[in-house]
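Here is the structure we will look at.
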Amino acid sequence: MKDFAISYGGVLLIVVDESAWNAYQLAILKRVLE
1 MKDFAISYGG
11 VLLIVVDESA
21 WNAYQLAILK
31 RVLE
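Right, dumping it as structure tokens:
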């Protein structure tokens, strides 16, 4: 989805409840979406 948004000049909004993820998973998610 991120690549698609970048390719077409769009914006990708993701709403995440940080309490649903442990610190490791949240760090990976943030790194992938940067």
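All residue numbers for the sequence shown refer to full-length UniProt numbering, where the first residue is 1 and numbers rise by one. Glycine included, each C-beta is placed from N, C-alpha and C at the ideal position. Quantities reported herein were computed from a predicted structural model and do not represent experimental measurements.
Original post:
Which value, in whole angstroms, describes the spacing of the CA atoms of I6 and L33?
Top reply: Pairing I6 with L33, the inter-Cα distance amounts to about 11 Å.
Subject >> C-beta atoms of L26 and V15 nearer than 9 Å >> reply: no
**OP:** Classify G33 as helix, strand or coil using the three-state DSSP reduction.
**Re:** The sequence given here places Leu at residue 33; Gly does not occur at that position. Helix.
Original post:
In three-state DSSP terms, what is I28?
Top reply: Residue state, collapsed to three classes: helix.
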